[in-house]
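What follows is a single structure, written as structure tokens, with notes after it.
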Amino acid sequence: MLSTKNLSSVQGLSVYTDAGEFFGIIEEAILHSNKVDSWKVRSTSKSYLSKAMPGTKGVILPHHHVKAIGDVVLISRSAAPSISED
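In terms of my numbering, the sequence shown has 33 at position 27, counting the first letter as 1, and numbering is strictly consecutive.
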């Protein structure tokens with residue numbers, strides 16, 4: 007059964023990749039033509055995003071990379087930048 011969520015209930019949810027890595031926190035939704043176009047994801051000190059892109063405050067994640075929204079937001083691992091081994 008398909009369930010719906012209010013956008014305000016999604017704000018603050020943790021974002022994980024389908025590989026189980028903590029990616030960041032949903033900050034807000036970006037709408038286009040009354041539909042979710044993308045998500046603003048905030049980086050935290052322990053997130054995959056802060057390791058892959060040090061100094062970045064966050065990213066804009068296109069909605070088509072979101073696999074599921076429930077207690078957490080699940081995204082495709084292919085949406086996450088790779089971590090360089092420098």
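Where is the CB? At the ideal position from N, CA and C, for every residue including glycine. Nothing here was measured: the structure is a model prediction, and the numbers come from that model.
Minimum C-alpha distance to residue i - residue among the options
i	options	result
SER82	ILE75, HIS71, GLY76 and LYS52	HIS71
ALA74	GLN17, LYS57, THR23 and GLY18	THR23
ILE89	PRO60, GLY64, GLY26 and TRP45	PRO60
THR10	LEU19, SER51, ILE31 and GLY76	GLY76
Buried/exposed call for residue i, threshold 16 Cβ in 10 Å
i	result
LEU37	exposed
SER49	buried
LEU67	buried
GLY64	buried
For residue i, the residue or residues it bridges with in DSSP
i	result
THR23	ILE81
ILE75	VAL79
Exercise for review: Could you pull out every unbroken alpha helix (DSSP H) segment of at least 4 residues lying fully inside the segment 8-70, listed in chain order?
Suggested key: 13-16 and 54-58
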